Structure formats: structure tokens, C-alpha cells
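Engineer:
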Amino acid sequence: MKKLIVMGMLGIWAVVASSSAHAGLMLRKTRIIYQQGDKVQSISLQNSGEEVYLVQAAVTPWDNSNTRSSEFTVLPPLFRMEGNSLNVMRLVRTGGDFPADRESLFRFRINAIPAKKTTDDSKENSDGKQGEIGASLSISLGMNIKLIYRPDKLPMTPEQARGRLTFTQSGNSVVVTNPTPYYQTFAQLKLDGKAVDFDKAPSILTPFGQTTFPLAGKVGSKVEWSMITDIGGVSKLQSGTLQAD
């Protein structure tokens, strides 16, 4: 039975939601910054409800959430989460040849399946145990957060990097250039006072990369932006000028 439960968990990776909190489960971090010199990182998962869950944790590439990463291991990878409890997972680097001049991005993923009684409490199963706990495979709750590997000796701080962005109008679009070694995520971006809808456009900027946002109409030259910080907060608002192509 336990083997079947584990196989059922490992076979389910599609989720009905993606966030850092869902249905009483909450990750205590909104992102993980794994420094080059770190030996281990701890991530806490809190269950504030009465439901019991079977939880699977893993790291995947950012652009392929169905494939486990060989660069990191989560311990334990599979565990039972009691109601009103706190579990601590350990994240360990197990390999990988990362670029030394920029950050690398992964997903830290949680897949939680509500547990249920699969046998009657009054009856013993084949192992002589009562009330075996199994998995309800009809519901799968998913959470994922960014895992960022940060090499040592980058030439600037994340705070300095936020002010290095440039904004250029190209036809009916705005090109945002990130000339820094950091992944940067917008908390907000305003073009002449009009907020960009990140439900319709990507909010993350890759190191030394560019992202294009469509313009809904004519805008002025004023640009304002703030970014998500390492601890999941919002940086101070910065301003700049929209340059002509």
C-alpha cells in the first residue's frame, strides 16, 4: 500500500494552483536565494488547517517544470504533513556547473495531496495495521517559488542593479534592458503613470537580457518602477526616462 501511495504521488505533477500559499498550506518564503558558498538552505512549510497531506518537494528547471533538476536535492523529498503543523525541508546543492558571471534560475515546487482513510478503522489490513492512510488522487494542490543560485563576486549589489534598467520605445513597444547579472522581477511598472498589466506581460527580467512590453497608446517619457526584493518585499519606487529608439 505504501509503495502504491508513493508511486501515486510521484506520478502526479500537474497542479491546480501555483503560489506560495494554498488551502491552509503556506511556504514561509516567497523565493530562495542560494548563495554559492551555502551548504544548505532551510524552507519551512506550515499547515494551518486540519487537513492531513502527503507532500512531495522537488527542484525543477525554470522553463521545464516537469523535469527534476539534478543540481539540487530536497530532503525529505516526500513526507506526511499533519494538520496544524510545521515541517522544515533542507535544500542541498548536489551538482551543476553554473555560470560565474550571472544568476541561475530554478523552481522550488511543492505538490500536496490530501490524505484519506483507505480502509475501515475497525478492520485490519494485510499488514495487521488499522486505518491505513492513503492519498486522494482527485485533488492536487501545487505551490512553486523561485530558487535563484547566486554566484560570489558579482560586480554590483541587487540594490544597485535595480537602478541600471533602461527603457527604450521601439514603435508600439517598450524594450526594457537589464544589463546586470541579476534576475529582476517587477513589482510595478508605470509608463507615464499608466501601470503595465503583468497578467498580460512577463514581469521577470533575465540577466543581460531584454523584455518587450506592448504600448496601449501614446505615452510620455516618464517611467517609474519598483522590484521584488530578496526577501519578497517591494523596493523603493525609482524613476527614469523613456528613451527614443
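All the letters of the sequence shown, read from the start, carry residue numbers -23 to -1, 1 to 222 under mature numbering (1 follows the signal peptide of the UniProt record, and there is no 0).
All residues carry an ideal CB built from backbone N, CA and C; glycine is no exception.
Note that the structure is a prediction, hence the values are computed from the model and not measured.
Check whether the Cβ of LYS6 lies closer than 8 Å to any Cβ atom in chain C.
Structural biologist: The structure shown contains no chain C; it is built from a single protein chain.
Engineer: What did DSSP end up calling ARG8 once you bin it into helix, strand or coil?
Structural biologist: Here residue 8 refers to the residue found at position 31 when the sequence shown is read from its first residue. ARG8 falls in the strand class under three-state DSSP.
Engineer: Measuring only the C-alpha atoms, how far is LYS16 from GLY170?
Structural biologist: Along the sequence shown, read from residue 1 onward, the residue named residue 16 stands at position 39. Along the sequence shown, read from residue 1 onward, the residue named residue 170 stands at position 193. C-alpha separation (whole angstroms): 44 Å.
Engineer: Can you tell me whether LEU63 is buried or exposed, with buried defined as 16 or more other CB within 10 angstroms of its CB?
Structural biologist: To locate residue 63, count along the sequence shown from 1; it is residue 86. Exposed, by the Cβ-count rule.
Engineer: Just tell me which of ASP176, VAL200, GLY140 and ARG139 has its CA closest to the CA of VAL151.
Structural biologist: Residue mapping note: residue 151 aligns to position 174 of the sequence shown, counting from 1. Closest option to VAL151, Cα to Cα, is VAL200.
Engineer: What is the rounded straight-line gap between the Cα of LEU182 and the Cα of LYS93?
Structural biologist: Working through the sequence shown from its first residue, we reach residue 182 at position 205. Working through the sequence shown from its first residue, we reach residue 93 at position 116. About 42 Å.
Engineer: Counting only the same chain and skipping the five closest in sequence on each side, list residues whose C-beta sits under 8 Å from that of GLU136.
Structural biologist: The residue you call residue 136 lines up with position 159 of the sequence shown. Once the five neighbours on either side are set aside, the close Cβ partners of GLU136 are SER212.
Engineer: By DSSP, does PRO91 sit in helix, in strand, or in coil?
Structural biologist: As a first step, residue 91 must be located in the sequence shown, where it is residue number 114. Reduced to three states, the DSSP call for PRO91 is strand.
Engineer: Cα separation between TRP39 and ILE205?
Structural biologist: Position 62 of the sequence shown, counting from 1, holds the residue named residue 39. Position 228 of the sequence shown, counting from 1, holds the residue named residue 205. Each residue's alpha carbon lies about 18 Å from the other.
Engineer: Looking at the structure shown, is PHE85 part of a helix, part of a strand, or coil, going by DSSP?
Structural biologist: Here residue 85 refers to the residue found at position 108 of the sequence shown. PHE85: strand per DSSP, three-state reduction.
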